Every structure is written in C-alpha cells, then in structure tokens.
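Structure first, then comments.
There are 2 protein chains.
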Amino acid sequence: MANQHHGLDRAFAALADPTRRAIVARLSRGEAAVSALAEPFAIGLPTLLKHIRVLERSGLVATAKSGRVRRCALVPDALREAEAWLGAHITAWESRLDRLEAHLADKERKAGHDPARDTRCDL
Amino acid sequence: MANQHHGLDRAFAALADPTRRAIVARLSRGEAAVSALAEPFAIGLPTLLKHIRVLERSGLVATAKSGRVRRCALVPDALREAEAWLGAHITAWESRLDRLEAHLADKERKAGHDPARDTRCDL
DNA sequence: AGGTTACTTCGCCACATGGCAAACCAACAT
DNA sequence: ATGTTGGTTTGCCATGTGGCGAAGTAACCT
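Keeping their order, the protein sequence lines are chains B and G. In this text, residue positions in the first sequence follow my numbering: the first is 1, and each later residue adds one. In this text, residue positions in the second sequence follow my numbering: the first is 1, and each later residue adds one.
In structure tokens:
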C-alpha cells in the first residue's frame, strides 16, 4: 500500500478529518494543552491523542511536554506547502483555460460568430 | 467512524494519495481518457479506476463517457475551496503572531531591552 | 503519604482504502 | 461475425484509521 510517504501525503491525510481540521483551526488562534483541545469534541482522550499523533507525524503541529501537560502549537510550514501545491495546479488549470479561450477567440475571428459557444463546455 | 463527510473531508482525503495528486496534476494541464491517465503509473486499470471514482466523489474531477472511452476533466472549485481553508488558517496564525509581537514590543518599550527575546519561541 | 490531575498505553472492534487478478461488457475495426 | 480495445465489476487480501474502555504512569496539591 501507499508506503514511501511524501510530506504532502501525510499533510493532506491529516486534514481529511474534521476533528483534526477543528484542532488545526483552534491552534491557528493560539497554543493549547491536550485536555483543552479535547473539550469541544465529544470524544475520549485516547482518541484525541491519536489525532494529535497523526498531526504531529504530518508536521502540521508540534508538541512539547512541560510537567504533566503537553502543549500543542501549529507549524504553518506544512500548511503553506499544501496551499502552494493547490495554488500551483489551480493556476496551471486557469492558464490552460486562458490559452484555450485565446485559441477559440482566434478561430472565431476568422469564421462566423456564435456567442453561445463562448461559455459552452463539453463535459 | 468519520461519517457525515464534509466536502473538505473528501477533497483532502482524495489529495492524500500521490497517485491521485499526479492525476490532478496531469488533468490541470488538460483533459485525458482513463487509459491515458493510467500509462505513467505502474498500476492496473482497476486500481486507477478506483482512484478516479474517489476523485469524482470528492468533486475534484468530473468524467463523461463518449463511445467506449471515458474522458476526465478537472473541476477547480473543490481545489479552490481547500486552498481557501488553508489560506484562512495560515493568515489566522500569522495575525496571531503579529498581535503577539506587537504585545511583546509594547512590553519591551516599557521595560529593559533584550534583543534575543524577539525571536525566541517557547516550543 | 495519599489523592487528584493529565496524559498515556493497551487491547479490541468495525470499516475504508489501495492493491491485484480474472472475468465481463460494450464499442469499434476488419 | 469475430476480434480487439477500453473500460468495468467482482472477489480477495493487507493495512491504516477512528472509536472505545480500562488500566497505567507521572506530575502536582494538601
């Protein structure tokens, strides 16, 4: 199965869970201890801890223990990497569309004009 | 288990697989048939088809069959949604950092100055 | 010391996912 | 009509995930 995990693999996988996204959202507004994170969600501590481990492995959050509490903080680099990937491919798609449009406009300049064609998409 | 799938759930889950990301990357540069997509990856057709189904369910790609070939195309809206989520939380984190910095600067204005404190992070 | 708090680990279960091979179906092509 | 091509379905298997409760450990409080 999908071994040889790329960083993005783990990052996106971590973000695929609503609980984990909520944790990230919470941490984006400040650090928090494990039990503080547990409160809003109706799930047990062991489960939450598992989520935190997943987030840690993905590089999205970092944790450190001081005394008996473990504080969790967001590490935005992984988030940025994921965002960058998405951005790159969105713009790739858009620029392709632009080229296509230009090409169609060019063709239409030489042939008859049918306004409806401009927005029609064959899929 | 994670039932009641939010759109982002499926989108991020779909992007968590390298094969699927490669497919998205490929499609961001133009539509393609199933078999054309299969080529670069050393995996069987059934497996690839499963990937495509996952991508379809996630709203990242749309497919349509004409004759015996199925053409796949990217649907950038889901990508944009995911990007927006990431962007929102990255900026949230950054603005928190800014507030914190401002606060520290303020404190330091009133007390003695220790330059090393500015970049120190307690985690 | 003894209790409380805050995690942590340890099974355990149900289910989704990624992979394959093999058989199958529907269009073209000849 | 028959073969070939392109996709599709159908098992099957191994692994990972999300959830739980129960028991364990390591601070901290009194």
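Cβ coordinates follow ideal geometry from the N, Cα and C atoms, glycine included. Keep in mind the model is a prediction, meaning the values are calculated, not measured.
Check	Outcome
State the Cα-Cα distance for the pair G30 (chain B) and C72 (chain B), rounded to the nearest angstrom.	9 Å
For V69 (chain G), report the span of its beta strand (DSSP E) as first-last.	69-74
What is the C-beta distance between H6 (chain G) and P40 (chain B), in whole angstroms, given that I count them as a contact (C-beta under 8 Å)?	Between P40 (chain B) and H6 (chain G) the Cβ distance is about 16 Å, and since that is not below 8 Å, they are no contact.
Please tell me whether L60 (chain B) and V24 (chain B) are closer than 8 Å, where the distance is taken between their beta carbons.	yes
Rounded to a whole number of angstroms, what is the C-alpha to C-alpha distance between I90 (chain B) and S66 (chain B)?	42 Å
Look up A11 (chain G) in the DSSP assignment and say whether it is helix, strand or coil.	helix
Bridge partners for V24 (chain B) per DSSP, in chain order?	Answer by DSSP bridge pairing: none, since V24 (chain B) is not bridged.
Under the three-state reduction of DSSP, which class applies to A62 (chain G): helix, strand or coil?	strand
Considering only their Cβ atoms, is the gap separating A11 (chain B) from A82 (chain B) smaller than 8 Å?	yes
Below 8 Å on C-beta distance, what does G30 (chain G) contact in chain B?	R96
With distances taken from CA atoms, which of G:H51, G:G87, G:P46 is nearest L15 (chain G)?	G:H51
Give, in chain order, every residue of the region 43-70 of chain B whose Cβ lies closer than 7 Å to some Cβ of chain G.	A62, A64
Does any C-beta atom of chain G lie closer than 8 Å to the C-beta of P76 (chain B)?	yes
Beta carbons nearer than 9 Å to chain G: which residues of the region 7-25 of chain B have them?	L8, D9, R10, A11, F12, A13, A14, L15, A16, D17, P18, T19, R21, V24, A25
Return the CA-CA distance between A32 (chain B) and L48 (chain B), expressed in angstroms with no decimal places.	13 Å
Taking the alpha helix (DSSP H) that R57 (chain G) falls in, what are its first and last residues?	45-57
Using a Cβ-Cβ cutoff of less than 6 Å, which residues in the same chain neighbour L74 (chain G) once the five nearest sequence positions on both sides are dropped?	L27, S28, V61
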